[in-house]
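Visitor: Structure provided below as structure tokens; questions to follow.
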Amino acid sequence: MGELMMGIYVFVLATLAGRELITKVPPTLHTPLMSGANAISGISIVGALVVAGQASGTTQTVLGILAIAMAMINVVGGFMVTDRMLKMFKRR
Amino acid sequence: MNASLMVEVLYLISAILFVMGIKRLQSPVTARGGNALAAFAMLLAIIATLLGNEVLSWWGILVGVLIGSLVGGVAARMVQMTAMPQMVGLFNGFGGGASALVAAAEFLRSGSHLVVDSHGITILLGILIGGVTFSGSMIAFAKLQGLLTGNPITFPAQNFVNAVIFLGMLALGVLTLGVGAHVATPPTLFTIFSAAALLLGILLVIPIGGADMPVVISLLNSYSGLAASAAGFIIGNMVLIISGALVGASGLILTQIMCKGMNRSLANVAFGAFGGTAHVDRSQIGKRPVRSADAEQVAMVLAYANSVIVVPGYGLAVAQAQHELRKVADLLEERGVDVRFAIHPVAGRMPGHMNVLLAEADVPYDKLYDLDEINDDFAKTDVVLVVGANDVVNPAARDPDSAIAGMPILDVDKAKTVIIMKRSLSPGFAGIDNALFYMDHTLMFFGDAKRSMSDLVREIREV
Chain A
992 MGELMMGIYV FVLATLAGRE LITKVPPTLH TPLMSGANAI SGISIVGALV VAGQASGTTQ
1052 TVLGILAIAM AMINVVGGFM VTDRMLKMFK RR
Chain B
408 MNASLMVEVL YLISAILFVM GIKRLQSPVT ARGGNALAAF AMLLAIIATL LGNEVLSWWG
468 ILVGVLIGSL VGGVAARMVQ MTAMPQMVGL FNGFGGGASA LVAAAEFLRS GSHLVVDSHG
528 ITILLGILIG GVTFSGSMIA FAKLQGLLTG NPITFPAQNF VNAVIFLGML ALGVLTLGVG
588 AHVATPPTLF TIFSAAALLL GILLVIPIGG ADMPVVISLL NSYSGLAASA AGFIIGNMVL
648 IISGALVGAS GLILTQIMCK GMNRSLANVA FGAFGGTAHV DRSQIGKRPV RSADAEQVAM
708 VLAYANSVIV VPGYGLAVAQ AQHELRKVAD LLEERGVDVR FAIHPVAGRM PGHMNVLLAE
768 ADVPYDKLYD LDEINDDFAK TDVVLVVGAN DVVNPAARDP DSAIAGMPIL DVDKAKTVII
828 MKRSLSPGFA GIDNALFYMD HTLMFFGDAK RSMSDLVREI REV
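These protein sequences, in sequence, are chains A and B.
Per the numbering used here, the very first residue in the first sequence carries number 992; after that it's consecutive.
Per the numbering used here, the very first residue in the second sequence carries number 408; after that it's consecutive.
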């Protein structure tokens, strides 16, 4: 099985798992879910680190650094703001 | 254990922790821990990447990480809860932008040589999805922040133009890959492709009006996940594919819930240029008599009720009146009134917007009820207090000829008394008059929600 096919398998199965997990999140947590998921999409930091680490030439370096900065805004900002929100949810 | 195996194991643990973290978001009790777990998973993935890849230049990585962390951290601390929709929109955009940049850098690293294989195709996909997510999110941010009008921005043959751009990109993509099979892809072709993706993102979001933003924000959230997955395919990394797919699924489910909350298809939201108060027939508004009441009268009605349901809407967020509302609810409860909150799925500008605002004001989450949970109770309720909501309580939704026909609404008109706190009789986002305002058992309480709430606090104390 080629790498692409393997990736597609993983993608499809992860999507199905995600569907099962997320349909059970109550509406009251939909905003934190969204900002938390948002932070997770900052996983592109991994790709950014790979390209920045192996960059040759100015253009590639600049693109890499920019990608890292953007992804880190997403990661740090996303997880922090989600935590700030979740801290406020209290029971009676 | 050799180094590359260790890196793979770290990635695997990271993917497992992401899943477990999301799992914990299923209850407010465990949610905070779940978020922390996901953050830890991210740290593991970053460490694994730095261990597993040859790094030529550390300073560049350091600069990027420092700048990004600083900006993200400050923004997360400073943002007001009422501004959360635009904040999430902005973060979304950066996630998509990062994925697009990864794709662009990979294009250059491949020596501008794209061929018709998974690498070539996923690079173009990464640019397309990442680019649309980035520019679309920036427009959504500008609209929510009030930098752009919240009304739909339309021009003739808009959907046709969008379709042409999309088909043009497909052709350009085929051309890019086809050229690459023989010689290096001209950077110009690649640049045009990238610019077209950014343009498409802008054009797709400008015709979408303010109250449809929950759908757009959810959809862009989904795209940012798909963009991350695409980046995963490009560099052959499973943890990116998995986490991206989880986010993609999350955004898609929220999108479906939001569409269902308005009884509209995704296509209608995306291409219908619905609503906006710009082209409303105002001639009929205010011609019919309404009963208006002042703070003293409203305080009496509320204080002597047995049961009250509060229906918050976007107006509550605009007026930042959530804390005053909490005080009103507390005072009523001290008098023995049963106070609950009914939250419509599309109230506000993003999924769960009202819940976060009320949580900020220390309203316990178990007093908040969904539409399905509470809708049958309105008929048994003494007083409903509608604060800055309009379309979601408009009985016109029951009329098959209405612009909002079939939209699930909160049946507030069935309560014994309805109090509507609003600045004027102007229609809501859908641009249609609300029959609720003119009913015999409705009291209009005009004014700014925050001021009115403060007045209510004073008056209820004096009852």
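Backbone N, C-alpha and C define an ideal beta-carbon position, used for all residues, glycine too.
Tell me whether the beta-carbon of residue 795 of chain B lies closer than 8 Å to the beta-carbon of residue 723 of chain B.
Guide: In contact: residue 795 of chain B and residue 723 of chain B (Cβ atoms closer than 8 Å).
Visitor: Go to residue 749 of chain B, then tell me how far its beta strand (DSSP E) extends in each direction, as first and last residue.
Guide: It spans 745 to 750 - the beta strand (DSSP E) in which residue 749 of chain B sits, taken as one unbroken run.
Visitor: How do the region 482 to 496 of chain B and the region 1044 to 1058 of chain A stand: do at least 3 beta-carbon pairs fall below 8 Å, yes or no?
Guide: With the cut-off at 8 Å, the region 482 to 496 of chain B and the region 1044 to 1058 of chain A do not touch.
Visitor: Residue 773 of chain B CB to nearest chain A CB: under 8 Å?
Guide: So yes, residue 773 of chain B belongs to the interface.
Visitor: Between which two residues does the alpha helix (DSSP H) holding residue 997 of chain A run?
Guide: 994 to 1014 is the extent of the alpha helix (DSSP H) around residue 997 of chain A.
Visitor: With a threshold of 8 Å on Cβ separation, who are the neighbours of residue 541 of chain B within its own chain once the five nearest residues in sequence on each side are excluded?
Guide: Closer than 8 Å at the Cβ level, and outside the excluded window around residue 541 of chain B, lie 500, 501, 503, 504, 507, 605, 608.
Visitor: In chain order, what residues of the same chain have a beta carbon less than 6 Å from the beta carbon of residue 649 of chain B, not counting five sequence neighbours either side?
Guide: Hits under 6 Å: 422.
Visitor: What is the C-beta distance between residue 765 of chain B and residue 729 of chain B, in whole angstroms, given that I count them as a contact (C-beta under 8 Å)?
Guide: Residue 765 of chain B to residue 729 of chain B, Cβ: 6 Å. Contact.
Visitor: Any idea which residues DSSP pairs residue 776 of chain B with across the strands?
Guide: DSSP output for residue 776 of chain B lists B:749 as bridge partner(s).
Visitor: Runs of 4 residues minimum, wholly inside the region 582 to 636 of chain B: which ones carry the alpha helix (DSSP H) assignment?
Guide: Listed in chain order, the complete alpha helix (DSSP H) runs (minimum 4 residues) inside the region 582 to 636 of chain B are 594 to 612.
Visitor: Against chain B, with Cβ distances strictly below 8 Å, would residue 1049 of chain A count as a contact?
Guide: Chain B contact via Cβ: absent.
Visitor: Restricting to runs no shorter than 4 residues, where is the alpha helix (DSSP H) found entirely within the region 477 to 525 of chain B?
Guide: Runs found: 491 to 516.
Visitor: Tell me whether residue 589 of chain B is buried or exposed, calling it buried when 16 or more other Cβ atoms sit within 10 Å of its Cβ.
Guide: When all chains shown are included, residue 589 of chain B counts as exposed.
Visitor: Between residue 1080 of chain A and residue 787 of chain B, what straight-line distance do the alpha-carbon atoms span, to the nearest angstrom?
Guide: Approximately 28 Å, taken between the alpha carbons.
Visitor: Is the region 638 to 653 of chain B close to the region 526 to 545 of chain B, with three or more CB pairs under 8 Å?
Guide: Yes, they touch.
Visitor: List, in chain order, every chain A residue whose beta-carbon is nearer than 8 Å to that of residue 655 of chain B.
Guide: The answer, in chain order, is 1006, 1009.
Visitor: How about residue 793 of chain B and residue 828 of chain B: do their beta carbons lie closer than 8 Å?
Guide: Yes. Within cutoff.
Visitor: Does any residue of chain A have a CB that is nearer than 8 Å to the CB of residue 498 of chain B?
Guide: Residue 498 of chain B counts as touching chain A.
Visitor: Please determine, among B:435, B:665, B:750, B:810, the residue with the shortest C-alpha to C-alpha distance to residue 836 of chain B.
Guide: Nearest option by C-alpha distance: B:810.
Visitor: Just checking, does the region 813 to 824 of chain B make contact with the region 731 to 747 of chain B on the three C-beta pairs under 8 Å criterion?
Guide: Too few Cβ pairs lie closer than 8 Å, so no.
Visitor: Is the region 621 to 633 of chain B touching the region 556 to 563 of chain B, taking contact as three or more C-beta pairs under 8 Å?
Guide: Touching, no.
Visitor: Give the residues from the region 456 to 476 of chain B that approach chain A closer than 8 Å (Cβ to any Cβ), ordered along the chain.
Guide: Here the close residues are 456, 457, 460, 461, 462, 463, 464, 467, 468, 470, 471, 472, 474, 475, 476.
Visitor: Buried or exposed: which applies to residue 662 of chain B, given that a residue is buried once 16 or more other Cβ atoms fall within 10 Å of its Cβ?
Guide: Label assigned to residue 662 of chain B: buried.
Visitor: Which chain A residues are close to residue 484 of chain B, counting only those with a beta carbon under 8 Å from its beta carbon?
Guide: Chain A residues near residue 484 of chain B: 1071, 1075.
Visitor: Determine whether the Cβ of residue 433 of chain B lies closer than 8 Å to any Cβ atom of chain A.
Guide: Cβ-Cβ to chain A under 8 Å: yes for residue 433 of chain B.
Visitor: Measuring only between beta-carbons, confirm whether residue 760 of chain B sits less than 8 Å from chain A.
Guide: By this cut-off, residue 760 of chain B is an interface position.
Visitor: Measure the alpha-carbon distance for residue 464 of chain B versus residue 425 of chain B and round it to whole angstroms.
Guide: Cα-Cα distance, rounded: 29 Å.
Visitor: If the cut is a Cβ gap below 8 Å, which residues of chain A does residue 453 of chain B touch?
Guide: Under the 8 Å cutoff, chain A gives 1036, 1037, 1040.
Visitor: Any Cβ of chain A within less than 8 Å of the Cβ of residue 747 of chain B?
Guide: It does not: the Cβ of residue 747 of chain B has no partner Cβ on chain A nearer than 8 Å.
Visitor: Please confirm whether residue 1060 of chain A and residue 474 of chain B have their CB atoms less than 8 Å apart.
Guide: Their beta carbons are under 8 Å apart, which means residue 1060 of chain A touches residue 474 of chain B by this criterion.
Visitor: Taking residue 520 of chain B and residue 591 of chain B to be in contact with their CB atoms under 8 Å, please state how far apart those CB atoms are, rounded to whole angstroms.
Guide: Right, the Cβ-Cβ distance comes to about 5 Å (below 8 Å), so this counts as a contact.
Visitor: Taking its Cβ as the centre, do 16 or more other Cβ atoms sit within 10 Å of residue 567 of chain B, making it buried, or is it exposed?
Guide: By the 10 Å Cβ count, residue 567 of chain B comes out exposed.
Visitor: By the 8 Å beta-carbon criterion, what residues does the region 627 to 641 of chain B contribute toward chain A?
Guide: Those would be 628, 631, 632, 634, 635, 636, 638, 639, 640, 641, in chain order.
Visitor: Which first and last residues belong to the alpha helix (DSSP H) in which residue 454 of chain B is found?
Guide: Its alpha helix (DSSP H) spans residues 438 to 459.
Visitor: CB-CB under 7 Å to residue 672 of chain B, same chain, minus the five flanking residues each way: which ones, in chain order?
Guide: Taken in chain order, the residues that qualify are 666.
Visitor: Residues in its own chain within less than 7 Å of residue 552 of chain B by CB, not counting five upstream and five downstream?
Guide: 493.
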